[in-house]
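Residue numbers (the numbering used here), protein chains in the order written: chain A, 876 to 1240; chain B, 720 to 1059.
Quick look at the structure:
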């Protein structure tokens, strides 16, 4: 394991006597994206500060290229950061802010060489901020600022890039762009990236490895596939109201009680209806869903009762009877499903049952 | 754009140099004793045998002009350092009470020395002034460590200034009658009575400090992005902080030791220079602030001497009249920019 870019050994971080996260042993390799996730206040930022030498660790060591002691100047050439602190640079253009990334490479007075200017231009090109070059930094939106700060970090030509919640101020488009860029930096320039993220779906897509921080330690480490399964995320964030499903995301708490509406769903058609009824506070039942149906996780999170069938099996008579009994007790029925085939033939029968009893209501009423 | 910026810098420095020369000559020519251009040129080129003119120019006016220029530059550079350091545009040696602390220490030393009958050398004055400045600085650092609010820092600095001034007044009030006039004049701030020996000492101190400050322009530039980013860029924060505190304290202490407290130069001039050059880059602003501060004080001294001649105004009276509006304008401008 000699090609570790960064390695920590029994690291303990915190402030004064207050330990925030302890027992940290992890490493980052060139070209790897390591993401920290965890609840607010779990200590992600503190940890990133310790890694980037902004905060002296309470114990343990951070090794860079297997070296524990590294001068400030050396460190500046190896690691760059994008932090959450707001900066207030007076009268600086964006180019000025980005240029500051060349600091470790310039001479005594910090005058930029032609080579430095070229690197600045490249970094701005890469982060799509070239057109902001001569604008005053303080007049930019938060999202633009974030991209400038990233350009600054890139032109520092680091081997490791540390980003503390870089997506916080960005809209969806820029979030995706930023993450694509991080991927490019990792894959093309073999930069090791350490990032903390709040958006789980983004963390899942961008990370090579995810470290989950919980109760002051690394609770779990693994690939996104290993982390985003079962109910782990729910436990990690201690979600007690509502649920989180790896595929369909977060749901609010279900409405408890005797189902008033029955929804015939399937294939994802029922999801908007479930969420609407949840918003309106109406308890509902739904069926008959196959257990591998895309809307099953949402249904089971929100419905009082879900009538299901095993994956890839035609709906059995037994489940149909069960569904019919529940439907009988509901005051109305909504049919969200529009396609009926061999596997969900019984749902069509449910629909007919509802029509004959006059409980059916059309989707938009 | 690149070209524009460069020519703007060039034009700015050219303008400042012209101003320095202009005010230099004006200051030489004007005063309670009549002086003509030809007389002045004669003395300066060494072709004149007019001893009165020689005495006035070389013994009185030239040292005074040198002092005004150097000390003005020192104040302004000191102000710029403090503004960078505290991330606060209205920080300055006077506003933060550093000048007043220095003043108090100097007054104490002067009165004590006069009481026991020893004469005070310029060196002792500078040393006392530096100690006073450092004590005030310590207090301000203590406050700034506890509170993050910009305005609170300024308020505590101003209050500290008032306390120090009050104690100084008290000392002056109880001082020996014979020296009270001298002490009183000094405590109001003035460039008068500077001799060549003083000028030599202040040149050594001020130029050393300003050159050292100029060499710090790279870390200062990084520091403008905030501590965290500066550290990531490889700035040794501890060393940086100590150097900035020492340099700004020595500069403002030197001014206080020789000319007493001079207000507003430290805040107004760096801001004027930033506006003139359209940048806050230390590598530009440090030399600009030095020249600009010099020009500002030369101009103010010119007015202080001539406006109600033969009565001289204290230098702070004039710097306040010109400096304070700049500070007010700057604060208004800033708060308006926030709501844009």
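Note that beta-carbon positions come from the ideal geometry of N, C-alpha and C, so glycine has one too. Predicted model, so just to flag it, every value in this text is computed and none were measured.
> What residues from the stretch 978-992 of chain A come within 9 Å of chain B, judged by C-beta to C-beta, listed N to C?
Replying inline: 978, 979, 981, 982, 983, 984, 985, 986
>> Once the 5 residues before and after residue 929 (chain B) are set aside, which same chain residues still bring their CB inside 6 Å of it?
In response: 796, 1009
> Which runs of the alpha helix (DSSP H) spanning at least 4 residues fall entirely within the stretch 1074-1151 of chain A, listed in chain order?
Replying inline: 1075-1081, 1099-1102, 1107-1111
>> Against residue 964 (chain B), what residues of chain A qualify as contacts under a CB-to-CB distance less than 9 Å, listed in chain order?
In response: Neighbours of residue 964 (chain B) on chain A: none; closest Cβ ~19 Å, over 9 Å.
> Residues in the stretch 929-951 of chain B with C-beta within 9 Å of chain A's C-beta atoms, listed in sequence order?
Replying inline: 933, 934, 936, 937, 938, 940, 941, 943, 944, 945, 946, 947, 948, 949, 950, 951
> Where are the alpha helix (DSSP H) runs, 4 residues long or more, that stay fully inside the stretch 1141-1219 of chain A, in chain order?
Replying inline: 1146-1155, 1171-1177, 1192-1204
>> Determine, for residue 1168 (chain A), whether the minimum Cβ-Cβ distance to residues of chain B falls below 9 Å.
In response: no
>> Are the CB atoms of residue 803 (chain B) and residue 1001 (chain B) within a distance shorter than 9 Å?
In response: yes
> Quick one, which residues of the stretch 977-1003 of chain B are near chain A if we go by CB-CB under 8 Å, in chain order?
Replying inline: 993, 997, 998, 999, 1000, 1002
> When you compare only the Cα positions, how much space is there between residue 878 (chain B) and residue 816 (chain B)?
Replying inline: 8 Å
> For residue 942 (chain A), which residues does DSSP report across the bridge?
Replying inline: A:939
>> Counting only Cβ pairs nearer than 9 Å, list the residues of chain A close to residue 807 (chain B).
In response: Here the premise fails: no neighbours, minimum Cβ distance about 10 Å.
> Helix, strand or coil: which one does DSSP assign to residue 917 (chain A)?
Replying inline: coil
> Does the stretch 1102-1110 of chain A touch the stretch 1179-1191 of chain A, meaning 3 or more C-beta pairs lie closer than 8 Å?
Replying inline: no
> Looking at C-alpha atoms only, which residue of A:994, A:1040, A:892 is the closest neighbour of residue 1029 (chain A)?
Replying inline: A:994
> Does the Cβ of residue 1047 (chain B) have 16 or more other Cβ atoms within 10 Å, making it buried, or fewer, making it exposed?
Replying inline: exposed
> What three-state label does DSSP hand residue 1065 (chain A) in the structure shown?
Replying inline: coil
>> For residue 931 (chain A) and residue 952 (chain B), which I take to be in contact (beta-carbon distance under 8 Å), what is that distance rounded to the nearest angstrom?
In response: That pair is no contact at about 18 Å.
> Between the stretch 733-740 of chain B and the stretch 1170-1177 of chain A, do three or more beta carbon pairs fall short of 8 Å?
Replying inline: no
>> Between residue 964 (chain A) and chain B, is the shortest Cβ-Cβ distance under 9 Å, so that the two count as touching?
In response: yes
> Hey, does residue 1064 (chain A) have any beta-carbon neighbour from chain B nearer than 9 Å?
Replying inline: no
> Between the C-alpha atoms of residue 1040 (chain A) and residue 958 (chain A), what's the straight-line distance to the nearest angstrom?
Replying inline: 8 Å
>> Going by the DSSP bridge assignment, what does residue 910 (chain A) pair with across the sheet?
In response: A:1070, A:1085
> Near residue 997 (chain B), what residues of its chain come up, given a Cβ to Cβ distance below 8 Å and the 5 sequence neighbours on each side ignored?
Replying inline: 724, 727
>> Can you tell me where the beta strand (DSSP E) holding residue 885 (chain A) begins and where it ends?
In response: 881-890
>> Distance check for residue 884 (chain B) and residue 893 (chain B), CA to CA, integer angstroms please.
In response: 14 Å
>> To be precise: take each residue of the stretch 831-844 of chain B, compare its Cβ to all Cβ atoms of chain A, and keep it if any distance is under 8 Å. Which residues remain?
In response: none
> Comparing the C-beta of residue 878 (chain A) with each C-beta of chain B, is any distance below 9 Å?
Replying inline: no
>> Suppose contacts are defined by Cβ-Cβ distances below 9 Å. Is residue 1032 (chain B) in contact with residue 1011 (chain B) by that definition?
In response: no
> In whole angstroms, what separates the C-alpha of residue 1013 (chain A) from that of residue 1019 (chain A)?
Replying inline: 10 Å
>> Can you find the residues in the same chain that come closer than 6 Å, C-beta to C-beta, to residue 999 (chain B), ignoring five residues on each side of it along the sequence?
In response: 993
> Between residue 1176 (chain A) and residue 1059 (chain A), what straight-line distance do the alpha-carbon atoms span, to the nearest angstrom?
Replying inline: 37 Å
> How would you list, in chain order, the residues of chain A whose beta-carbon sits under 9 Å from the beta-carbon of residue 1074 (chain B)?
Replying inline: Look at the range of chain B in this structure, 720 to 1059, and you will see that residue 1074 (chain B) is not part of it.
> What's the gap between the Cα of residue 1039 (chain B) and the Cα of residue 1003 (chain A)?
Replying inline: 47 Å
> What's the gap between the Cα of residue 909 (chain B) and the Cα of residue 829 (chain B)?
Replying inline: 16 Å
> Taking the beta strand (DSSP E) that residue 898 (chain A) falls in, what are its first and last residues?
Replying inline: 893-899
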